[in-house]
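Numbering (my numbering), first residue to last: 5 to 62.
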């Protein structure tokens with residue numbers, strides 16, 4: 005059996021970042037996760053896309 009298990013993907017997530025958040029930011033992130041059913045990573049990715057859309061045509 006292959007050492008890599010799981011489904012192959014066309015968009016692998018090979019990069020990792022570590023960020024520091026205040027208690028308030030953690031509360032906001034967890035609230036968003038509860039309300040949307042998305043993971044913390046998905047919420048952060050959506051935030052990146054949203055900011056990108058705002059600044060790309062400046």
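The C-beta atom is built at its ideal place from N, Cα and C for all residues, glycine as well.
I'd like the list of long-range same chain contacts for residue i, defined as Cβ closer than 8 Å, with 5 residues on each side in sequence excluded.
| i | result |
| --- | --- |
| residue 20 | none |
| residue 62 | none |
Comparing the CB of residue i with every heavy atom of the ligand ZN, is any distance shorter than 8 Å?
| i | result |
| --- | --- |
| residue 41 | Among the components of this structure there are no ligands whatsoever, and the ligand ZN is therefore not found. |
Within a Cβ cutoff of 6 Å, which residues of the same chain sit near residue i, ignoring the five residues on either side of it in sequence?
| i | result |
| --- | --- |
| residue 26 | none |
Just to confirm, are residue i and residue j a CB contact at a threshold of 9 Å?
| i | j | result |
| --- | --- | --- |
| residue 44 | residue 32 | no |
| residue 52 | residue 36 | no |
| residue 54 | residue 42 | no |
Grouping DSSP H, G and I as helix and E and B as strand, with all else coil, what is residue i?
| i | result |
| --- | --- |
| residue 56 | helix |
| residue 51 | helix |
| residue 45 | helix |
| residue 40 | helix |
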